[in-house]
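In what follows, a single structure is set out as structure tokens and then discussed.
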Amino acid sequence: MTVGDLTRDLVEIPSHESEAAVGDFIEDWLGEHTDADVIRDDAGTEDDDESERDDRGGNVIAHKGSGDTTVALVGHHDVVPPDESQLTADGGYVVSETDAAGTTEGERRLAGRGSADMKGAVAAAMLAFRDADPAGELVFASFVGEEVGGVGARYAIDRGFAPDYAVVGEGSTGYSAPGVTDVAVAHKGRRGSTLVASGAAAHASEPESGTNAIYRASDAVDVVRGLEFPTTEVLGHEISGSVAVTEIEGGSAWNVIPERCTVTVDERTVPGERAPLERVAEIDGVDWRVDQDLPPMRCADPAFADAVLDAARAVHAGEDSAERRTGTPEQVVKPHATDAGWLADAGTTCVVCGPAEPGQAHTADESVSVPVLERCRDVYERVAASWV
């Protein structure tokens with residue numbers, strides 16, 4: 002079975018409302034094609050009271066080999082809701098071959114919801130896991146609920162999932178140059194907050210008899226606008242965060258002094274640094290609550306980052322296509338949060354290396370390069386065989 006064939010099989014299975022069916026496929030495939038110890042846990046099932054939904058079907062985790070060092074190949078098999086054009090008449094997913102603009106002419110691509118984010122990488126990891134002769138213990142893990150805050154990753158970590166090292170197969174292709182599969186040694190996190198300004202309602206003809214919540218919210222917005230963005234450095238790469246007001250809502254009528262106003266703040270965090278948003282709570286009548294906090298990631302071991310980069314460069318150099326050898330993989334930073342953040346926060350040394358290119362995930366024309374999938378499979382297998 003080729004990585005393209007396996008990707009097609011995975012993408013065809015709907016997994017935006019429930020991941021259970023695609024989890025069944027992954028579990029059955031690993032049981033049939035490997036001698037590994039395959040585990041299906043209760044993440045996102047009716048037995049998991051921590052999940053926001055009870056039909057995700059659980060993570061799929063497999064172990065093979067032994068040794069003092071554990072390396073994990075990590076992905077997720079949930080997807081964001083598909084565009085209408087990506088659905089078949091009976092509710093399945095459309096999968097097709099396409100040539101995407103800006104790619105090597107004639108390069109085969111698979112299009113469909115989840116092809117780039119990230120069932121293609123899961124397929125590459127499944128085949129690499131099957132074929133690898135690991136230097137230590139090798140783990141395959143595909144989580145549920147990544148798209149809604151790391152449901153599966155957090156569940157597994159809370160129950161002892163703790164590999165020493167992990168290659169997370171989220172997108173890292175096309176960062177240093179088009180078509181090049183790089184190695185991300187850090188990524189940003191996301192903290193989403195709500196500022197709630199409270200006041201006292203009054204008739205707008207007598208504003209002094211009330212307290213204007215929108216004015217208090219405006220003072221909070223001024224504080225946010227004046228905050229410096231957090232920055233840090235990871236393995237010689239500067240990574241900068243951001244903080245921005247993205248929504249505001251308040252008032253009940255044109256002639257009523259508003260008693261409540263809410264402001265949404267999007268903050269992109271960096272490892273070890275946060276914007277001091279707590280300052281807004283110093284304003285009278287303003288409360289600050291954190292609604293989502295996805296952790297950033299930094300690779301804690303330069304040697305592991307170099308080893309994965311060496312594997313990526315070796316695979317690139319050995320490819321048949323001259324066009325595909327024009328770029329050299331580099332270590333990069335990634336702007337998006339992934340499950341690597343949860344793993345790194347729990348003590349696993351992580352990098353991100355995967356086939357998806359910027360602009361492919363979550364789109365109506367989402368697609369992935371089949372040659373790049375093959376490349377990632379080879380990179381994963383090399384890392385598994387060499388890192389101890």
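To get our numbering, take the position in the sequence shown, counting from 1, and add 1. C-beta: ideal position from N, C-alpha, C; glycine also. The structure presented is a predicted model; accordingly, all values stated were derived computationally and were not measured.
Residue i versus residue j - alpha carbon distance
i    : j    : result
E465 : E20  : Because the chain here runs from 2 to 389, residue 465 falls outside it and cannot be looked at.
V197 : T233 : 30 Å
S86  : S16  : 16 Å
F26  : P303 : 36 Å
G103 : V369 : Because the pLDDT at G103 is just 47, under 50, the model does not fix this residue reliably, and the point stays unresolved.
E248 : R192 : 15 Å
V58  : M2   : In the sequence under discussion, the amino acid at residue 58 is Gly, which differs from the Val named in the question. Using only the alpha carbons, I get a separation of about 25 Å.
H337 : V371 : 23 Å
T349 : T364 : 31 Å
D10  : V380 : 22 Å
V224 : A205 : 26 Å
P356 : E268 : 27 Å
A385 : A218 : 52 Å
D288 : V281 : 8 Å
D38  : K65  : 7 Å
Contact check, residue i vs residue j, beta carbons under 8 Å
i    : j    : result
G13  : D79  : Position check: residue 13 holds Glu in this sequence, whereas Gly was assumed. Taking 8 Å as the Cβ cut-off, E13 and D79 do not qualify as a contacting pair.
E28  : T71  : no
M127 : L7   : yes
S97  : V333 : no
A117 : T99  : no
A187 : M119 : no
A341 : V184 : no
A214 : P259 : yes
A129 : L74  : yes
G46  : A63  : A quick correction: the sequence has Thr, not Gly, at residue 46. No, they are not a contact pair.
V271 : G242 : yes
L295 : G76  : no
Residues bridged to residue i [DSSP beta-bridge criterion]
i    : result
S199 : R261
G390 : Limits of the chain in this structure are 2 at one end and 389 at the other, which puts residue 390 out of reach.
Y425 : Only positions 2 to 389 of the chain appear in this structure, which leaves residue 425 out of reach.
V246 : V266
L11  : Answer by DSSP bridge pairing: none, since L11 is not bridged.
M22  : What sits at residue 22 in the sequence shown is Ala, not Met. Looking at the DSSP assignment, A22 forms no beta bridge with any residue, so it has no partner.
G76  : S143
Anticipated Cβ contact below 8 Å, residue i with residue j, distance rounded
i    : j    : result
A178 : A44  : So it is not a contact: roughly 37 Å between Cβ atoms.
V169 : V353 : 5 Å
G153 : V145 : 4 Å
Heavy atom of the ligand SAM within 7 Å of residue i beta-carbon
i    : result
R114 : The ligand SAM is absent from the structure shown, which contains no ligands of any kind.
Checklist entry - Which runs of the alpha helix (DSSP H) spanning at least 4 residues fall entirely within the segment 98 to 176, listed in chain order? => result Residue ranges of uninterrupted alpha helix (DSSP H) with 4 or more members, entirely inside the segment 98 to 176 and ordered along the chain, are 121 to 132, 152 to 159.
Next on the checklist: What ranges does the alpha helix (DSSP H) occupy inside the segment 310 to 388, keeping only unbroken runs of at least 4 residues that lie completely in it?
Outcome noted: For the segment 310 to 388, whole alpha helix (DSSP H) runs of length 4 or above, ordered along the chain, are 340 to 346, 371 to 387.
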